[in-house]
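Presented below is the structure to which this report refers.
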């Protein structure tokens, strides 16, 4: 009897020992790696990021899915396809356009300066080629915007078009839904202008809608300039989430209404 | 007693099977995820080359290498093949270490150029050198 019990005890101890070793091994290594990656892959599938060409509504859905379900687990950036930097110097504005890996590429740049007056905006536009003075950069002799306004920079390299909008003393809101075309939480809208490449500012028709006003923006509109009774602000139509280049596990280009954007997704939170 | 010994043997064999499965399946799962991400990146670079309408201009190997190198994410080796289907012309460039890649994925895109009546197929393969 004692011999039998001893054998059962030894066998049980052996099984527990083996099981604990394997459990520790599985828990500490492989499963963690697979699980972390899995979250990014799951997000790509759920948000529809497998597409390489998107509408602004589909891109907005990607951002919405990330914000609602994945913002704690992974990071998301939506940036221009090229690294467009902008600096104000004394008497001049310097614009640089490089790839995110730092390679200078020949490019045509259109920069539009928009001044937002009390009643309606006014604009000045310049077109020039990158690389005339410095590699990947050029400088334009003009005075910067001091009151409310924005710079709209469109870069075209080998037909690859991308943009950056730099607001100056201007409120930026994220209250436009490109799918329903409704500008939410805006009841006292007087006029809306659509910002379209290369440097156009086009009045957009508006009509009352549930929750706000419906704005019929033309294809290619990147942002809306909204004049309300209380003031003026900018709302994204093609939502960007600024970053500083290649980041995360996936760095993928998508084309939204002719604009090339870089979408980066990675573990973070 | 025999039954207990038999049960013990079954448990040990089951654990051995589970371990071997885990060792072989988990890297595959991880690899599948990596492959999926690489394939998405390769598809997007191919699509953007086609979308940019730059292919008729990129007939110089060094220029093609520069442009694709500028667009490719860091730590990715690449091979790009541009085929003019109408004229039966092919241009292939790759990074020096592309042959050392342990994981690679390919994306294909097509572009029709109405001005030159050409049809281009661009095949972008992005690869990574993994492991030690």
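Residue numbers (my numbering), protein chains in the order written: chain A, 2 to 270; chain B, 173 to 304. The beta-carbon is built from N, C-alpha and C at its ideal position, and this holds for glycine as well.
- The continuous beta strand (DSSP E) containing residue 213/A extends over residues 213-216.
- Taking 8 Å as the upper bound for CB-CB distance, residue 216/A and residue 225/A are in contact here, some 6 Å apart.
- Collapsing the DSSP output to three states places residue 247/A in coil.
- Sorting 295/B, 300/B, 179/B, 288/B by C-alpha distance to the C-alpha of residue 253/B places 295/B at the top.
- Assignment of alpha helix (DSSP H) within the region 194-244 of chain B, counting only whole runs of 4 or more residues, yields 233-243 in chain order.
- A check of alpha carbon separations from residue 154/A across 195/A, 100/A, 91/A, 85/A identifies 85/A as the nearest.
- Under the DSSP assignment, residue 174/A falls in the beta strand (DSSP E) whose first and last residues are 172-174.
- Identification of chain B residues near residue 160/A by a Cβ-Cβ cut-off of 7 Å yields 224, 225, 226, ordered along the chain.
- Interface with chain B (8 Å Cβ-Cβ cutoff): residue 207/A is excluded.
- The Cβ-Cβ distance between residue 224/B and residue 258/B does not fall below 8 Å.
- Around the beta-carbon of residue 243/B, 16 or more other beta-carbon atoms lie within 10 Å, marking it buried.
- For residue 94/A and residue 88/A, the gap between their C-alpha atoms comes out near 6 Å.
- For residue 219/B, the closest C-alpha among the options 253/A, 113/A, 48/A, 267/A is that of 253/A.
- Counting along the chain, the unbroken alpha helix (DSSP H) around residue 58/A starts and ends at 57-66.
- The alpha-carbon separation between residue 98/A and residue 105/A amounts to approximately 7 Å.
- Cβ-Cβ distances below 8 Å link residue 204/A to 192, 193, 194, 195 in the same chain, with the five nearest sequence neighbours on each side left out; the list follows chain order.
- If only complete runs of 3 or more residues are kept, the region 63-125 of chain A shows the beta strand (DSSP E) at 75-81, 84-90, 93-99, 109-117, in order along the chain.
- Per DSSP, reduced to three states, the secondary structure at residue 231/A is coil, with no helix or strand assignment.
- For residue 241/B, at least one C-beta of chain A is nearer than 8 Å to its own C-beta.
- With 16 or more neighbouring CB atoms inside 10 Å of its own CB, residue 112/A falls in the buried class.
- Beta-bridge pairing by DSSP links residue 209/A to 214/A.
- Here residue 284/B is bridged, per DSSP, to 291/B.
- Looking from the CA of residue 211/A, the closest CA among 12/A, 187/A, 8/A, 101/A belongs to 187/A.
- The three-state reading of DSSP puts residue 52/A in coil, since its state is none of H, G, I, E or B.
- Non-local C-beta neighbours of residue 165/A in its own chain, meaning closer than 6 Å and more than five positions away in sequence, comprise 81, 85, 154, ordered along the chain.
- Against chain A, the beta carbon of residue 220/B has neighbours under 8 Å at 53, 82, 161, 254, 256, 261, listed in chain order.
- Counting the other CB atoms within 10 Å of its CB gives residue 279/B a total of 16 or more, which places it among the buried residues.
- Measuring C-alpha to C-alpha distances from residue 230/A to each of 12/A, 190/A, 42/A identifies 190/A as the nearest.
- Non-local beta-carbon contacts of residue 221/B in its own chain, meaning distances under 6 Å to residues more than five positions away in sequence, involve 294 in chain order.
- Between residue 246/B and chain A, the shortest Cβ-Cβ separation is below 8 Å.
- Take residue 115/A, set aside five residues on each side of it, and the residues of its chain with a beta-carbon closer than 7 Å to its own are 122, 124, 150, 151, 153, 202, in chain order.
- Distance check between residue 243/A and each of 45/A, 46/A, 83/A, 71/A places 83/A closest, using alpha-carbon atoms only.
- By the C-beta density criterion, residue 300/B is buried, having at least 16 other C-beta atoms within 10 angstroms.
- At least 8 Å separates the beta-carbon of residue 297/B from that of residue 281/B.
- CA-CA distance, residue 241/B to residue 235/A, rounds to 35 Å.
- With fewer than three CB-CB distances shorter than 8 Å, the region 170-177 of chain A does not count as touching the region 42-52 of chain A.
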